[in-house]
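Notes follow the structure.
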Amino acid sequence: MADRHDVIVVGAGLGGVVCGALLAKSGLKVLVLDKNNRVGGKQMGISVRGFKGEMWPTYGIPVELGPFVDAFRQLGIESKLNIMLKTQALMYRRPGGEWVTMVNVAGKQEKDPTENMFNSWQLDAKEREVSLGVLAEMALLTPEQLYELDDVSVQQWLAQHENIPRPLRGFFAVHANLMSTGIYELVAMSELARIMVIFGSSTTGYPKGGYARLVEDIVGVLKANGGEVRTNARVERILVDDGSVTGVATKDRVYKAPIVVSNAGVHPTVLKLVGEEHFDKGYVNYVKDIVPSLGFASQRYIFSKPVMEHGVYIGTSEDSFLDSERLEKMAEGKFPEVLSFYGVVPSNFDPDMAPPGKQMLVLGTWCSPDPKAKEIKALQKKVDQQFEEMFPEAVPYIESREGYMGPAQVATLSRDPVLPGLGGEAVGLAVTVGYCGKNKPLAKSPISGLFYVGHDAGGRAFLGTHQAVSSGLMVAPLVQKYFIERKAVHRPQP
Ligand SMILES: Cc1cc2nc3c(=O)[nH]c(=O)nc-3n(C[C@H](O)[C@H](O)[C@H](O)COP(=O)(O)OP(=O)(O)OC[C@H]3O[C@@H](n4cnc5c(N)ncnc54)[C@H](O)[C@@H]3O)c2cc1C
Numbered sequence: 001m002a003d004r005h006d007v008i009v010v011g012a013g014l015g016g017v018v019c020g021a022l023l024a025k026s027g028l029k030v031l032v033l034d035k036n037n038r039v040g041g042k043q044m045g046i047s048v049r050g051f052k053g054e055m056w057p058t059y060g061i062p063v064e065l066g067p068f069v070d071a072f073r074q075l076g077i078e079s080k081l082n083i084m085l086k087t088q089a090l091m092y093r094r095p096g097g098e099w100v101t102m103v104n105v106a107g108k109q110e111k112d113p114t115e116n117m118f119n120s121w122q123l124d125a126k127e128r129e130v131s132l133g134v135l136a137e138m139a140l141l142t143p144e145q146l147y148e149l150d151d152v153s154v155q156q157w158l159a160q161h162e163n164i165p166r167p168l169r170g171f172f173a174v175h176a177n178l179m180s181t182g183i184y185e186l187v188a189m190s191e192l193a194r195i196m197v198i199f200g201s202s203t204t205g206y207p208k209g210g211y212a213r214l215v216e217d218i219v220g221v222l223k224a225n226g227g228e229v230r231t232n233a234r235v236e237r238i239l240v241d242d243g244s245v246t247g248v249a250t251k252d253r254v255y256k257a258p259i260v261v262s263n264a265g266v267h268p269t270v271l272k273l274v275g276e277e278h279f280d281k282g283y284v285n286y287v288k289d290i291v292p293s294l295g296f297a298s299q300r301y302i303f304s305k306p307v308m309e310h311g312v313y314i315g316t317s318e319d320s321f322l323d324s325e326r327l328e329k330m331a332e333g334k335f336p337e338v339l340s341f342y343g344v345v346p347s348n349f350d351p352d353m354a355p356p357g358k359q360m361l362v363l364g365t366w367c368s369p370d371p372k373a374k375e376i377k378a379l380q381k382k383v384d385q386q387f388e389e390m391f392p393e394a395v396p397y398i399e400s401r402e403g404y405m406g407p408a409q410v411a412t413l414s415r416d417p418v419l420p421g422l423g424g425e426a427v428g429l430a431v432t433v434g435y436c437g438k439n440k441p442l443a444k445s446p447i448s449g450l451f452y453v454g455h456d457a458g459g460r461a462f463l464g465t466h467q468a469v470s471s472g473l474m475v476a477p478l479v480q481k482y483f484i485e486r487k488a489v490h491r492p493q494p
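Per this note's numbering, the sequence shown starts with residue 1, numbered consecutively.
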């Protein structure tokens, strides 16, 4: 039995639903199919004993600008975005030293935003001057320079500067992991600079009701415009005939459409859903070479009373970054002395996210994206220990430690592992030299009518969710144009 649609979107992650909703709003008949029992992909919401939030720490939507603002405006639901603000604790530890905490108050511009940071790094006057120069150079990069820096890694860019203080080098390396979710020596300087400038110049927060509420609002627009979403609908094949897409097949049904937009990840789309045999060998090799992002190992703590004061906690040391060598050591169970640490307390942004008088912290650290990685449990145990050292006053109020997740669970909820070591990418494909900015994989595949959407392709810089939403915004007009062109070519002759 076959259903006919103008466009089928495979996957209801943020990229898929934004693209689908925009296409439905433009008048196309859209069907979104997702293998999960709920929409949202990596940002699917959780609801546990009255606590709401995400499965892993998620945060960072700029209030005044960026893809979320643009998407909600274009979908006609701008007033629903509703980003809540709260303080962020940036914690830093020098080797052998104590943890030092700097608190960023959302929306408040410090007179000298570097002062606290340099104090916590314990820099002398000369080191402050060098550090200020490097940070200023980054902040003032022109669009042309950023374009060039798509081809230069963070590590290579730093090597062009002399006498960089160790804490500043560590800061860039750690943020290549934190903000760009990539292996330090591969992340492109352009990506890191763009993200850092966005975070330095805008107020960022967390959506009221969590990321799942944003997804619901977007799906609401899709449905209001005649679009349809089917969950528990795993696409087994994207059907191709003579170089053009003809539809998709689930286990028990074929859905026909001249356009398929895949949110399932570039690797699984090419290597599994369509199949290598439909692509040129060079393209298959290009896809196989694309580097995955890092993974993330997470857990949540339920507290019997509110003990965590801030909305976001980020803990780093100058030596907590991950490069390829350290990832290999982690696989053998050898972890950095201090782990980079990221935690979010949803109810500190939106009190409705927890039962009155209680609190939930979702926290974790970066790791390999390999769903089969053996070190994840040990890593989570180290996160437990590090939390206890950092927040001894909170420990007596931990009611439960639960929700331990890693690359294996991420892969189950989002992309199918199709190559060894891949599948549990936290954000998607990495923003590394050769695959980001001007080199980002194109959203239009070599097969007529097949497009990619989501973090992997077609979007612009910024964090994971931003990339996915920006891809949805940029891919929708491409699809629409293709739809019109195709109609013009296939118009019935008088
Ligand atoms: C631990 C963790 C922490 C994160 N923290 C942040 C953060 O703080 N800030 C931030 O901005 N971003 C963060 N992200 C990243 C962000 O969640 C992702 O980059 C973004 O949500 C990816 O969206 P996407 O559209 O690319 O697709 P995904 O969310 O990957 O969705 C893909 C969808 O496709 C579906 N699918 C796949 N295959 C099939 C198939 N064969 N048939 C049908 N459906 C299929 C999946 O079920 C899924 O719903 C984090 C991610 C993780 C995992």
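Ideal Cβ placement from N, Cα and C applies to all residues, glycine included.
Ends of the beta strand (DSSP E) at residue 52?
Per DSSP, residue 52 belongs to the beta strand (DSSP E) from 51-54.
With DSSP run on the structure shown, which of helix, strand or coil describes residue 326?
helix
Run through the stretch 112-172 for me and flag every whole alpha helix (DSSP H) of 4 or more residues, listed as ranges in chain order.
113-121, 125-139, 143-149 and 154-159, all fully within the stretch 112-172.
Who are the near neighbours of residue 158 in its chain, counting only those whose CB is closer than 7 Å to its CB and skipping five residues on each side?
So the list reads 164, 169 and 172, once near-sequence residues are dropped.
Give the DSSP bridge partners of residue 418, in chain order.
According to DSSP, residue 418 bridges with nothing at all.
Check whether the Cβ atoms of residue 245 and residue 229 sit closer than 7 Å, and answer yes or no.
no
Is it right to say residue 475 is buried, meaning 16 or more other beta carbons lie within 10 angstroms of its own, or is it exposed?
buried
Any chance you could list the alpha helix (DSSP H) runs of at least 4 consecutive residues sitting entirely within the stretch 390-474, in chain order?
407-413
Using a threshold of 6 Å, is the CB atom of residue 219 nearer than that to any non-hydrogen atom of ligand 1?
No; taking the cut-off as 6 Å, the Cβ of residue 219 has no heavy atom of ligand 1 nearer than that.
Identify the residues that DSSP records as bridge partners of residue 342: which are they?
314 and 364
I want to check one thing, is the minimum distance from the CB of residue 470 to the heavy atoms of ligand 3 below 6 Å?
Ligands present in the displayed structure are limited to ligand 1, and ligand 3 is not among them.
Determine the direct distance from the alpha carbon of residue 84 to that of residue 350, and round the result to whole angstroms.
7 Å
If contact is defined by three or more beta carbon pairs under 8 Å, each pair taking one atom from either stretch, is the stretch 144-158 in contact with the stretch 432-443?
Cβ pair count under 8 Å is three or more, so yes.
Does DSSP put residue 304 in a helix, in a strand, or in coil?
Correct three-state label for residue 304: coil.
Classify residue 296 as helix, strand or coil using the three-state DSSP reduction.
In the displayed model, residue 296 falls within a strand according to three-state DSSP.
Can a CB atom of chain D be found closer than 7 Å to the CB of residue 102?
Going by chain labels, chain D is absent from the structure shown, which holds only one protein chain.
Following the continuous beta strand (DSSP E) through residue 262, name the residue where it begins and the one where it ends.
Residues 259-262.
For ligand 1, is there any heavy atom lying closer than 6 Å to the beta carbon of residue 180?
no
Taking DSSP as the reference, what is the three-state secondary structure of residue 78?
helix
Grab the span of the beta strand (DSSP E) containing residue 48 for me, first residue to last.
Under the DSSP assignment, residue 48 falls in the beta strand (DSSP E) whose first and last residues are 45-48.
Between the Cα of residue 426 and those of 183, 333, 189 and 121, spot the shortest distance and give me the residue it belongs to.
183
Hey, out of 196, 19, 100 and 271, whose CA is closest to residue 495's CA?
This structure cannot settle anything about residue 495, because the visible part of the chain is limited to 1 through 494.
Taking all protein chains shown into account, do 16 or more other C-beta atoms lie within 10 angstroms of the C-beta of residue 58, making it buried, or fewer, making it exposed?
Burial call: buried.
Would you say residue 39 and residue 7 are within 7 Å of each other, going by their C-beta atoms?
no
Hey, would you say residue 398 sits closer than 7 Å to residue 301, going by beta carbons?
yes
Contact defined as beta carbons within less than 8 Å: I believe residue 338 pairs with residue 304. What is the distance between those atoms, to the nearest angstrom?
28 Å between Cβ atoms; not a contact.
Count the other CB atoms within 10 Å of the CB of residue 61; is the residue buried (16 or more) or exposed (fewer)?
When all chains shown are included, residue 61 counts as buried.
Between the Cα of residue 485 and those of 449, 257 and 462, spot the shortest distance and give me the residue it belongs to.
449
Compute the distance between the beta-carbons of residue 174 and residue 33, then report whether it is under 7 Å.
no
In or out: residue 456 buried (at least 16 other Cβ within 10 Å) or exposed?
buried
Note the first and the last residue of the continuous alpha helix (DSSP H) segment covering residue 196.
189-201
Mark residue 392 as exposed unless 16 or more other C-beta atoms lie within 10 angstroms of its C-beta, in which case mark it buried.
exposed
Please list, in chain order, all residues of the same chain as residue 241 whose beta carbon is under 6 Å from its beta carbon, the five residues on each side excluded.
none
What does the Cβ neighbour count give for residue 371, buried or exposed, with the cut at 16 atoms within 10 Å?
buried
Are the beta-carbon atoms of residue 202 and residue 64 separated by less than 7 Å?
yes
Where residue 190 and residue 137 are concerned, what is the direct C-alpha to C-alpha distance, given to the nearest angstrom?
12 Å
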